[in-house]
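A quick write-up on the structure given underneath.
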Amino acid sequence: MRMTWFSHPEPLDTKTADELLAQYAARHVQAKKILAFDPRFWTVSALLPESKYEPIPSKQFEQPIWSR
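Counting with the numbering used here, you get residues 444 to 511 for the letters of the sequence shown.
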């Protein structure tokens, strides 16, 4: 399976970034913390498997009247 780096879109503070790294480590996922442009925040990236199939969209909030 192909592996690609996923970067969280929003910068995180130190405490949140460390918690996220701990969660990834518990799942045995390679992750890294990089200092963001603003030195108060961090960007977290994780090496995750990539699927060849697109995710199936949820139909939970789709109104039946619009699906005809």
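Where is the CB? At the ideal position from N, CA and C, for every residue including glycine. These numbers come from a predicted model, not from an experiment.
Beta-bridge partners assigned by DSSP to residue 475: 488. Of the residues assessed, residue 485 falls on the buried side of the cut-off, its CB having 16 or more other CB atoms within 10 angstroms.
In this structure, residue 448 and residue 488 form a Cβ contact; the two beta carbons are roughly 5 Å apart against a cut-off of 8 Å. By the C-beta density criterion, residue 468 is exposed, having fewer than 16 other C-beta atoms within 10 angstroms. Around the Cβ of residue 465, a 10 Å sphere holds fewer than 16 other Cβ atoms; the residue is exposed.
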